[in-house]
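Enquirer:
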């Protein structure tokens with residue numbers, strides 16, 4: 076994991092969409108970082124999904140930089156809009172090799188779009204995150 080300020084993209088690095096973290100995934104599967112409702116899916120490219128938690132916190136999971144410009148099918152969303160997901164559930168799979176062949180990075184951003192009803196959010200700085208084991212964001216209601 077790296078701080079969002081180190082992402083090589085101005086929109087993310089300057090927190091224009093919100094604070095968060097970035098992860099270089101080990102494999103081609105992006106999983107839900109929390110329980111919540113799928114509130115947005117980037118329909119054309121399927122490179123990003125939005126999740127809203129019960130407390131109103133809104134997250135964006137965005138795979139790659141400039142991947143919105145892809146014309147080739149690289150990503151596949153595994154959930155439906157308005158469905159509920161649980162921590163560790165598959166959200167997106169992608170062709171990691173082809174993505175790199177096309178010159179795109181697979182860095183994945185987790186952006187907090189709205190803090191909802193929480194009083195405080197703390198982004199935990201770990202160097203490595205393990206699915207279903209590592210807490211990356213702590214919130215206080």
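Residue numbers (the working numbering): 76 to 216. The beta-carbon is built from N, C-alpha and C at its ideal position, and this holds for glycine as well. Since the model is a prediction, treat every value here as computed from it, not as a measurement.
Name the one or two DSSP bridge partners that residue 165 has.
Expert: In the chain shown, the residue the question calls residue 165 occupies position 90. In DSSP, residue 165 forms a bridge with 106.
Enquirer: For residue 108, count the other beta carbons within 10 Å of its own beta carbon; 16 or more makes it buried, fewer makes it exposed. Which is it?
Expert: Here residue 108 is taken as the residue at index 33 of the chain shown, counted from 1. The residue is buried, with at least 16 neighbouring Cβ atoms inside 10 Å.
Enquirer: Report buried or exposed for residue 155, applying the criterion of at least 16 other Cβ atoms within 10 angstroms of its Cβ.
Expert: Taking the first residue of the chain shown as position 1, residue 155 is located at position 80. It counts as exposed.
Enquirer: Return the residue from the list 151, 175, 105 and 141 that minimises the CA-CA distance to residue 118.
Expert: Here residue 118 refers to the residue found at position 43 when the chain shown is read from its first residue. Per the Cα distances, 151.
Enquirer: Please determine, among 91, 97 and 160, the residue with the shortest C-alpha to C-alpha distance to residue 79.
Expert: Translated into positions along the chain shown, residue 79 becomes position 4. For the residues 91, 97 and 160, the minimum Cα distance to residue 79 belongs to 97.
Enquirer: In angstroms with no decimal places, state the Cα-to-Cα distance between residue 172 and residue 183.
Expert: Walking along the chain shown from the start, residue 172 turns up at place 97. Walking along the chain shown from the start, residue 183 turns up at place 108. One C-alpha to the other measures close to 15 Å.
Enquirer: With distances taken between CB atoms, is the gap from residue 165 to residue 153 smaller than 7 Å?
Expert: As a position in the chain shown, residue 165 is number 90, starting the count at 1. As a position in the chain shown, residue 153 is number 78, starting the count at 1. Contact flag set, yes.
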